[in-house]
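In our numbering, the protein residues as written are 431 to 750.
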């Protein structure tokens, strides 16, 4: 069995428009000792034909087809097939800079790290606009910054051994979230490569309807899992801040901006607020609130006053 430096897992579903650019960026990596594991999660479009063409040409591409189980399930399956010392994840509608995995792997080996994190570009769907996501580049190597930073798995590599006994939840919106919190807490040494090396595609999403609004409640399942785990006792205030950021701000703002029925929106927001008050009764005095950027601080203060109409108006102005 060939042992690779890095195994990159790519879950695929309905991305025939994007998968070629993704795979091209992976086979063009300057790190040649790389395994590319592509898991077709039951996609019905022409994605598999494109994957097959690459797999025939490049021996380090391993292609698998599974029944549709969601992105989390596809990532779990890919990990079970991986032979790399380190594991990376790339979403199939995104792409990466040529030196991404060479730079992350070198940092990991040189400093004996469990996780290495890099910055990213935000790229428009037509690929014409590409901007550095400065908000998520960290300049200190510590666990606190990792917990406070981006919860995505795609801007990181992980030592394979620390992923033992961890898995992604299936068919949920927040499959990255509790996985990321768990693995960061489990890691002993975390480092950063302070460059944008991952290209995150900003796709125009469909309008959020009634059923999608209700799916915002799935974040509560992720927090239930975290609150029951041993890591909560050692990271209470950070976990509370994450609840503020992801439940109180992000989820509620998504609901406010949606086109769903007004009563459903208000009922869903009320459930999120009740969860915050029941589980984090003192969240308004959290010391990490200063970590919010200027715009999120404004939104947070408006949410405290339940100024939902003003928040919706602000985002409409930004969009236009």
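No residue lacks a Cβ here, since even glycine has one placed at the ideal position from N, Cα and C.
Could you name the residues that DSSP lists as bridge partners for residue 470?
-> 442 and 495
Compare the C-beta of residue 704 with all C-beta atoms of chain B and state if any pair is closer than 8 angstroms.
-> You won't find chain B in this structure, because it holds only one protein chain.
Starting from residue 629, trace the beta strand (DSSP E) both ways and give me its first and last residue.
-> 620 to 632
For residue 553, the first and last residue of its enclosing beta strand (DSSP E) = 545 to 554
Could you tell me the boundaries of the alpha helix (DSSP H) in which residue 502 lies?
-> 501 to 511
Identify, in the order they occur along the chain, each residue of the same chain with its Cβ nearer than 8 angstroms to the Cβ of residue 613, setting aside the five sequence neighbours on each side.
-> 545, 588, 592, 593 and 596
The alpha helix (DSSP H) enclosing residue 484, as first and last residue numbers | 477 to 487
C-beta contact flag for residue 499 and residue 471 at 8 angstroms | yes
Among 623, 561, 552 and 556, nearest to residue 572 - alpha-carbon criterion = 623
Based on the DSSP secondary-structure assignment, which residues constitute the bridge partners of residue 518?
-> 438 and 587
Inter-residue Cα distance where the pair is residue 674 and residue 479 | 43 angstroms
Taking all protein chains shown into account, do 16 or more other C-beta atoms lie within 10 angstroms of the C-beta of residue 636, making it buried, or fewer, making it exposed?
-> Because the pLDDT of residue 636 is 49, which lies under 50, any placement of that residue in the model is unreliable, and the question is left without a value.
Excluding five sequence neighbours on each side, which residues of the same chain lie with their C-beta closer than 6 angstroms to the C-beta of residue 670?
-> 710, 713 and 716
Cβ pair residue 462, residue 516 closer than 8 angstroms | no
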